[in-house]
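**Q** So the sequences go chain by chain: A and B. First residue of the first sequence? That's 584 in our numbering, and the numbers climb one at a time after it. First residue of the second sequence? That's 251 in our numbering, and the numbers climb one at a time after it.
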Amino acid sequence: MNIMGELAIIFGLCLAAEGISALLPITMPASVISLLLLLICLLTGLIKERQIQRASDFFIRNMAFFFVAPCVGLIEHLPTLASCLVPFLIIAVFTTPLIYAVTAWAVQLTMRLCRRKEH
Amino acid sequence: MTELFETLRSSAFFGLALSCGAWCFGLWVQKKTRLVLCNPLVIASALIILLLSVLHIPYSDYAVGGSLISLMLGPATAVLALNICHEKQRLREYFLPVFVGCLVGTLTSMGLILLLCHLLSVESTIAAALLPKSVTTAIALAISESSGGIPGITAAAVIVAGVVGAMFAPAFAKIFRVKDPIAEGIAIGACSHALGTAKALEIGELQGAMSSISLCLCGILTSILCLFL
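1) Please report the distance separating the alpha-carbon of Ile425(B) from that of Arg698(A).
2) Can you give, in chain order, each stretch of the alpha helix (DSSP H) that sits fully within the stretch 259–313 of chain B and has at least 4 residues?
3) Could you list which residues in chain B have their beta carbon closer than 7 Å to that of Pro612(A), in chain order?
4) Using the Cα positions of Ser359(B) and Met584(A), report the straight-line distance between them to the nearest angstrom.
5) Residues in the same chain with beta-carbon distance under 6 Å from Ala294(B), minus the five sequence neighbours each way, listed in chain order, please.
6) Does the beta carbon of Ala675(A) sit closer than 8 Å to a beta carbon anywhere in chain B?
7) Quick one: give me the first and last residue of the alpha helix (DSSP H) that Lys338(B) is part of.
8) According to DSSP, is Met417(B) helix, strand or coil?
9) Please decide whether Thr358(B) counts as near chain A, where near means a Cβ-Cβ distance under 8 Å.
10) Could you tell me the distance, in whole angstroms, from the CA atom of Ile436(B) to the CA atom of Thr257(B)?
11) Given this structure, state the Cα-to-Cα distance separating Leu381(B) from Pro325(B), to the nearest angstrom.
12) Return yes when the Cβ of Ala652(A) is within less than 8 Å of the Cβ of Ser397(B), no when it is not.
13) Indicate the three-state DSSP secondary structure (helix, strand or coil) for Glu373(B) in the structure shown.
14) Any contact between the stretch 633–646 of chain A and the stretch 445–464 of chain B? By contact I mean 3 or more CB pairs, one from each, below 8 Å.
15) Using 8 Å as the limit for Cβ to Cβ distance, is Ser461(B) near chain A?
16) Assign Ala421(B) to buried or exposed, taking buried as 16 or more other Cβ atoms, counted over all protein chains shown, within 10 Å of its Cβ.
17) Is the stretch 400–410 of chain B in contact with the stretch 662–672 of chain A, if contact means three or more CB pairs nearer than 8 Å?
18) Short of 7 Å in beta carbon distance, which residues of its chain neighbour Cys352(B), apart from the five on each side in sequence? Order them along the chain.
19) Which first and last residues belong to the alpha helix (DSSP H) in which Gly324(B) is found?
20) Counting C-beta neighbours from all protein chains within 10 Å, is the total for Thr627(A) 16 or more, i.e. buried, or is it exposed?
21) What are the boundary residues of the alpha helix (DSSP H) that Leu597(A) is part of?
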């Protein structure tokens with residue numbers, strides 16, 4: 584497939600997701616809906632992997648880059664942040680490793696329990 | 251001369267060129283130093299912030315081009331479906347551990363934040379803003395706004411959590427002795443959303459796929475659980 588055709592599929596899905604997001608009664612962002620939509624399309628075979636391969640590779644390989652602009656956007660919020668810097672840093676920084684540890688252990692423990700049941 | 255400068259800086263290409271250039275510089279610095287702290291995202295953003303403040307360029311000028319880059323976060327998240335699809339066999343096999351992990355991760359995140367906000371006697375508008383900080387920006391902002399949080403603080407907390415996760419994910423795996431790639435991926439997605447997922451993709455394809463699943467599932471679980479608070 585032509586690269587523009589690949590992009591048309593991906594952008595089209597994002598557009599459809601925005602429509603669904605606007606219609607849904609609960610708050611669910613378009614990006615998550617578009618991921619789910621694409622997953623459904625891939626699983627049902629409506630969209631084949633090769634039809635979006637090259638464009639997807641580009642997005643996935645450069646994913647971190649797309650966060651540059653939102654990160655720079657932090658300068659807009661510096662005055663608000665300064666007013667609650669200490670609790671902000673404690674909560675934003677130190678809870679991250681704890682969440683990581685608890686989640687990873689929960690997955691490993693459940694796996695072990697599942698395996699024990701099988702034997 | 252100043253007029254020309256003003257025309258140039260308010261062009262969309264200013265933000266685009268600056269972002270791409272700063273990103274390449276960030277990659278170069280990381281390659282040279284190999285330090286965890288020299289994350290290309292951190293270097294690039296810091297460099298742009300520095301340039302904008304030194305040259306007194308308003309953020310709104312950068313945002314003309316910058317918003318085009320942020321816009322691409324949508325499709326970049328969507329194509330993660332491809333990674334999930336590659337691992338569908340393994341996902342079927344480990345459905346229960348994956349689901350339990352995401353649920354535990356979401357509950358831990360919300361519980362810890364509520365507890366810390368209470369202990370540090372943080373104002374309720376700030377607590378509401380920090381509560382969804384472990385999920386991807388779009389979900390976090392929607393949750394924060396619906397519960398009266400300050401959006402700026404939410405955006406900042408989401409980015410900080412993501413950067414910390416992306417920078418230290420390999421170190422966390424060593425410290426907490428996480429050897430299973432599935433557990434590693436789920437944990438990265440649960441604590442640092444799409445930014446962590448970008449790192450998980452570098453660690454391995456399976457980790458990346460699991461992190462993508464966790465990013466979605468934790469986002470959905472957080473938005474549901476917040477309805478009950």
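Glycine included, each C-beta is placed from N, C-alpha and C at the ideal position.
**A** Quick look at the numbers:
1) As a working note, residue 425(B) is residue 175 in the second sequence. As a working note, residue 698(A) is residue 115 in the first sequence. If you take the alpha carbons of Ile425(B) and Arg698(A), they lie about 25 Å apart.
2) 262–283 and 290–304
3) Position 29 of the first sequence, counting from 1, holds the residue named residue 612(A). Ordered by position in chain B, the residues that pass the 7 Å Cβ test against Pro612(A) are Ala388, Ile389 and Ala392.
4) Taking the second sequence and counting its residues from 1, the one referred to as residue 359(B) is at position 109. Taking the first sequence and counting its residues from 1, the one referred to as residue 584(A) is at position 1. Taking the straight line joining both Cα atoms gives about 42 Å.
5) For the purposes of this step, residue 294(B) is taken as residue 44 along the second sequence, with counting starting at 1. Same-chain partners within the cutoff: Ala272, Trp273 and Gly276.
6) Start at 1 with the first residue of the first sequence, and residue 675(A) comes out as number 92. Chain B, which has a Cβ nearer than 8 Å to the Cβ of Ala675(A), makes this yes.
7) Position 88 of the second sequence, counted from the first residue, corresponds to residue 338(B). Start and end: Lys338 to Glu343.
8) Counted from its first residue, the second sequence places residue 417(B) at position 167. In the displayed model, Met417(B) falls within a helix according to three-state DSSP.
9) Locating residue 358(B) in the second sequence gives position 108, counting from the first residue. Interface residue, yes.
10) Sequence index remark: in the second sequence, residue 436(B) carries index 186 (1-based). Sequence index remark: in the second sequence, residue 257(B) carries index 7 (1-based). The straight-line gap from Cα to Cα measures roughly 46 Å.
11) Reading the second sequence from its first residue, position 131 is the one you call residue 381(B). Reading the second sequence from its first residue, position 75 is the one you call residue 325(B). Distance between the alpha carbons of Leu381(B) and Pro325(B): 26 Å.
12) One-based indexing of the second sequence puts residue 397(B) at position 147. One-based indexing of the first sequence puts residue 652(A) at position 69. No, Cβ-Cβ distance for Ser397(B) and Ala652(A) is not below 8 Å.
13) Stepping through the second sequence from its first residue, residue 373(B) is reached at position 123. Here Glu373(B) sits in coil by DSSP.
14) yes
15) On the second sequence, residue 461(B) is found 211 positions in, with the first residue counted as 1. Judged by the 8 Å Cβ criterion, Ser461(B) is not in contact with chain A.
16) On the second sequence, residue 421(B) is found 171 positions in, with the first residue counted as 1. The residue is exposed, with fewer than 16 neighbouring Cβ atoms inside 10 Å.
17) yes
18) Reading the second sequence from its first residue, position 102 is the one you call residue 352(B). For Cys352(B), where only same-chain residues beyond five positions count, the Cβ hits under 7 Å are Ile436, Ala440, Ser464, Leu467, Cys468 and Leu471.
19) Residue numbering aside, residue 324(B) sits at position 74 when the second sequence is read from its first letter. Its alpha helix (DSSP H) spans residues Leu323 to Ala328.
20) Taking the first sequence and counting its residues from 1, the one referred to as residue 627(A) is at position 44. Counting every other CB atom within 10 Å of its CB across the protein chains shown gives Thr627(A) a total below 16, marking it as exposed.
21) Here residue 597(A) corresponds to residue number 14 of the first sequence, with the count starting at 1. Note on identity: in this sequence residue 597(A) is Cys, with Leu being the wrong assignment. Segment Ile586 to Leu606, the alpha helix (DSSP H) holding Cys597(A).
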